[in-house]
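S.K.: According to mature numbering (1 follows the signal peptide of the UniProt record, and there is no 0), the residues represented by the sequence shown are -22 to -1, 1 to 205, in order. For each residue, glycine too, the CB sits at the ideal point set by N, CA and C. First, the structure itself, so that you have it in front of you.
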Amino acid sequence: MANQQTLQVLSALVSMVHATVAQTGDDLKTLHEEMFITRSYRNVIPPYKTLNQSIMILVAFYLKGINQLDEVEGKLATTADLELEWSDAFLSWNKNDFHDISDFNVPQNRGRIEWKPFEDVDIALKDPALNTKSYEPNGVWDLSSTEIELAYGDVSLNLHRRPEFYLLTLICPIILLSVLAIFTFVVPVNSGEKMGYSMTVHLPYFSPSSVLLYRSTLGPQHTWQCI
């Protein structure tokens, strides 16, 4: 009876054991040799097997931050990532033949990709609006909305200045100077400091005035350039 129970336990354990094959470096080496030696893959060949076939490219623009906005010269400097994705018919394989390896990196030593258009290139944007998940807010400008022109791939950023900018650089200094100017009448005339105090208070007015004059010189004729 004990031997029969032992056999039942052993048979149950054997039925629960499944053969597992782990991916090793040799498997990746075999796949790499299959792609680049056996098939002789070349990155200068168009990634399609039919000559008249067009390439579908997925484009994603990730805006990270606004570095500088020069309103006089009409230049906008931003930090962003541009992601291009397409399918290469010569870099496909059956993962069941290589122990379920579904992807591996193919680095290039020069760090850049040179591509010449062989046929028609169709560009499909993942989203008509920019991806702003990694965007860091700017201290002066608020990013109100974004837009991408599907026909030409133009990227549009709608910005508006934060109200804190004018509050801290124009309104508060002018109010403080106006309050200080009232104390000009408190300074005794015979002290000889009345004129000096008055000049000291009124000279800082030129700084906010220069900012206003700087803004007024800007016209709608500027052609913005993105860097």
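1. DSSP three-state call for Asp78: helix, strand or coil?
2. Checking the sheet assignment: what are the DSSP bridge partners for Leu60?
3. Tell me whether Leu9, by its Cβ, gets closer than 7 Å to a heavy atom of the ligand NAP.
4. In the DSSP output, which residue or residues are listed as bridge partners for Ala55?
5. Are the CB atoms of Trp71 and Glu142 within a distance shorter than 8 Å?
6. Taking a contact to mean a Cβ-Cβ separation below 8 Å, would you say Ala58 touches Lys42 in this structure?
7. Within 10 Å of its beta-carbon, does Phe39 have 16 or more other beta-carbons around it, so buried, or fewer, so exposed?
8. Under the rule that 16 or more other beta-carbon atoms within 10 Å means buried, what is Ile44, buried or exposed?
9. Whole-angstrom Cβ separation of Phe82 and Leu6, contact assumed at under 8 Å?
10. Below 6 Å CB to CB, which residues in the same chain sit around Asn30 once its five sequence neighbours on both sides are set aside?
11. Grouping DSSP H, G and I as helix and E and B as strand, with all else coil, what is Val165?
M.R.: According to the structure shown:
1. coil
2. Phe39
3. The model on display carries no ligand, and the ligand NAP is accordingly not part of it.
4. Gln46
5. no
6. yes
7. buried
8. buried
9. 6 Å
10. none
11. coil
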